[in-house]
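Heads up: the structure comes next, in structure tokens.
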Amino acid sequence: MAQAPEDAAAIARLCAGLPLALCTAAALLADTPTRPLSSLAQALRAEHSRLDRLRREDRAVRAAFELSHQHLDQDHARLFRLLPLNPGHDLATESAARLADVDVPQAEEMLQDLARSHLIEPGPVWGRWRLHDLVRLYADEAGHAYADPDQRDAARIRLLDFYEAFTWAANTHLDLQPGTRTHYFADRDGALSWLDAECDSLVAAVTMATAHGRHETSAALAVYLVEFLHFRRLFDSSITISTVAMAACRVLGDHVGELTMLNNLGTALHQTRRFDEAIETLTRAAATARSLNDRHGEGIALTNLGNALHEVRRLEEAIDAHTRAAVFAGETGDLHLQATALNNLGLALRELRRFEEAIDAHTRAVDIADEIGDRRLEGMSLTKEAATAARQSGDRRRESAVLNELGGTLREVRRFTEAVDAYTRAVEIALELGDLHPAGLLQTNIVYAQALALGPQGRPPS
């Protein structure tokens with residue numbers, strides 16, 4: 001630089017003083033130490049002349065990108081142009097390997113080379129990579145120009161197939177016992193970690209698949225993702241993919257798939273407190289199942305519908321929905337669904353102070369859960385073992401909900417001190433998870449139980 005200050009100044013000027021462009025220019029010089037500064041300055045001027053209709057800052061950055069792109073060998077340049085096909089904000093080495101159709105070690109080496117050229121950046125954890133927004137725009141533009149030689153469409157299909165296969169495998173792990181291994185993941189924690197890392201890309205891939213006519217992939221990805229999204233309470237994302245996938249199912253004439261998406265959408269709308277929309281969607285789901293003579297699907301829809309009706313205090317309708325759901329589940333042999341419907345039925349009956357019927361429904365739910373060995377469902381059936389069962393399953397939100405329902409039962413039998421304790425523990429968990437709205441509702445339960453404990457005169461009842 002000291003030997004050619006005018007050329008150095010010209011390069012800085014042509015880079016508009018932008019760090020990204022300056023780093024790219026510096027990387028070009030570092031790769032070819034014998035290259036004189038005047039050569040790089042001349043090349044940048046040439047690129048500017050081709051981009052003279054752009055803003056000064058854009059010309060500087062794009063000129064630097066163009067030179068870096070030209071400096072890459074064929075394989076690196078192709079990978080660089082394919083990277084924007086990934087719809088998420090970053091991507092894993094494994095995803096890049098699918099795009100380039102190379103093995104993972106080769107992809108990792110190529111990605112490191114691109115990072116040294118300042119065309120991509122390593123992510124916050126090893127094995128993930130991202131493109132600056134401006135680089136992504138340039139690479140995508142170049143990718144369209146080279147679409148045929150790069151076999152861009154085939155690369156997109158490989159990526160979507162990879163995401164579909166791994167999302168299916170990860171989803172199967174969500175209900176497996178700890179320590180279970182599969183071909184793709186060592187255990188449930190590994191599957192969850194992968195889903196957490198790829199969530200942004202997977203949600204966007206549902207829309208990308210539909211946009212490129214891969215309707216089957218769009219629907220499959222949505223089915224495999226929903227349980228994870230609901231587990232992480234990412235209900236807005238669930239609404240997005242369910243809506244997109246439902247349209248894909250209609251294109252395919254897949255009425256069973258459309259029913260699944262209606263159920264998923266209704267559940268997510270319920271969880272985001274859009275109760276009227278949830279009720280409308282789940283009513284459509286039940287009607288669709290009925291038209292298909294799908295008693296099991298109708299039972300699922302009615303269970304979800306009953307929960308939404310309960311939220312808006314349409315309790316008689318909720319009781320009817322849960323009662324029919326339990327019957328359909330029993331007829332089709334789905335004991336898990338039957339126990340769930342009976343437990344929900346008990347909650348609605350208790351709200352109407354029909355305690356004997358509520359106890360009967362909960363008792364039947366507990367018996368079925370015990371029969372099938374479903375500790376998670378047993379935990380939602382208001383037994384003394386409820387919180388322990390939920391805690392053992394690792395589901396903290398379910399544990400909080402169980403403690404809340406347990407508090408309600410204890411309150412009704414006038415065991416107020418125990419009820420306050422259960423509610424307090426439920427609030428603590430909700431606050432730990434950042435669930436402020438449920439925590440606020442639970443606080444009112446504590447106050448109510450404490451007031452009942454004091455009796456009408458502000459004293460403990462005799």
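Residue numbering for the sequence shown is 1 to 462, as defined by the UniProt record's numbering. Idealized CB from N, CA, C, for every residue including glycine.
Using 8 Å for Cβ pairs, my map puts residue i next to residue j. What's the rounded Cβ distance?
i: A285; j: L259; result: 6 Å
i: V244; j: T207; result: 5 Å
i: N404; j: L442; result: 6 Å
i: F65; j: Y138; result: 4 Å
i: R116; j: P84; result: No, R116 and P84 are not in contact; Cβ-Cβ is about 20 Å, not under 8 Å.
i: F185; j: S95; result: About 16 Å; that fails the 8 Å criterion.
i: A321; j: G297; result: Actually they do not touch by this definition, with Cβ atoms about 14 Å apart.
i: E331; j: R295; result: 6 Å
i: T167; j: L234; result: Rounded, the Cβ-Cβ distance is 14 Å, inconsistent with contact.
i: R411; j: A449; result: 5 Å
i: A210; j: A247; result: The residue asked about is misnamed: residue 210 is Thr in this sequence, not Ala. The Cβ separation is near 7 Å, so the contact holds.
i: G88; j: D200; result: 4 Å
With 16 as the cutoff for other CB atoms within 10 Å, does residue i come out buried or exposed?
i: T417; result: exposed
i: W129; result: buried
i: P19; result: exposed
i: R98; result: buried
i: A329; result: buried
i: G434; result: exposed
i: G407; result: buried
i: V447; result: exposed
i: H183; result: exposed
i: E356; result: exposed
i: P105; result: exposed
i: P76; result: Reading off the sequence, residue 76 comes out as His, not Pro. H76 should be labelled buried.
i: P33; result: exposed
i: V312; result: exposed
i: A9; result: exposed
i: S238; result: buried
i: E109; result: exposed
i: R324; result: buried
i: Q74; result: exposed
i: P149; result: exposed
i: W194; result: buried
i: E399; result: buried
i: H437; result: exposed
i: P461; result: Caution applies to P461, whose pLDDT of 42 falls short of 50 and renders its modelled position unreliable; the model cannot decide the point.
i: E198; result: buried
i: L14; result: buried
i: L352; result: exposed
i: A300; result: With the sequence shown as reference, residue 300 is identified as Ile, and Ala is not the correct amino acid for it. Per the 10 Å Cβ criterion, buried.
i: G373; result: exposed
i: R188; result: buried
i: A154; result: exposed
i: L333; result: Inspection of the sequence shows that residue 333 is occupied by Gly rather than by Leu. Per the 10 Å Cβ criterion, exposed.
i: T24; result: buried
i: R45; result: exposed
i: A422; result: buried
Indicate whether residue i and residue j have their beta-carbon atoms separated by less than 8 Å.
i: L37; j: A4; result: yes
i: A278; j: L269; result: yes
i: D90; j: G143; result: no
i: G346; j: H336; result: no
i: T288; j: A341; result: no
i: L202; j: A191; result: no
i: R158; j: D101; result: yes
i: L315; j: A365; result: no
i: I120; j: L134; result: no
i: G127; j: T93; result: yes
i: A439; j: A430; result: yes
i: E164; j: A107; result: no
i: A339; j: I359; result: no
i: R156; j: H212; result: yes
i: residue 491; j: L67; result: No statement about residue 491 is possible, as the shown extent of the chain runs from 1 to 462 and does not include it.
i: L160; j: A222; result: no
i: A63; j: D7; result: no
i: H69; j: D31; result: no
Does the ligand ADP have even one heavy atom less than 7 Å from the beta-carbon of residue i?
i: R284; result: With respect to the ligand ADP, the structure shown offers nothing to examine, as it has no ligands at all.
Within 8 Å of any Cβ in chain B, is that where the Cβ of residue i sits?
i: F228; result: Here there is only one protein chain, and chain B is not present.
Report the start-end ranges of each alpha helix (DSSP H) in the region 129-156 that is 4 residues or longer and not cut off at the edges. 133-145 and 147-150
Does the pairing of the region 209-223 with the region 248-256 give three or more beta-carbon distances under 8 Å? Yes, the region 209-223 is in contact with the region 248-256.
Report the residue ranges of all alpha helix (DSSP H) runs contained in full by the region 259-290; include only those spanning at least 4 residues, in chain order. List check, alpha helix (DSSP H) in window: nothing returned.
Of all the alpha helix (DSSP H) runs that stay within the bounds of the region 182-224, which reach a length of 4 or more residues? For the region 182-224, whole alpha helix (DSSP H) runs of length 4 or above, ordered along the chain, are 188-211.
Could you tell me which whole alpha helix (DSSP H) segments of length 4 or greater appear in the region 398-442? 416-432
Suppose only complete runs of 4+ residues qualify. What are the alpha helix (DSSP H) ranges in the region 62-137, listed by chain order? The qualifying runs are 74-82, 93-100 and 104-116.
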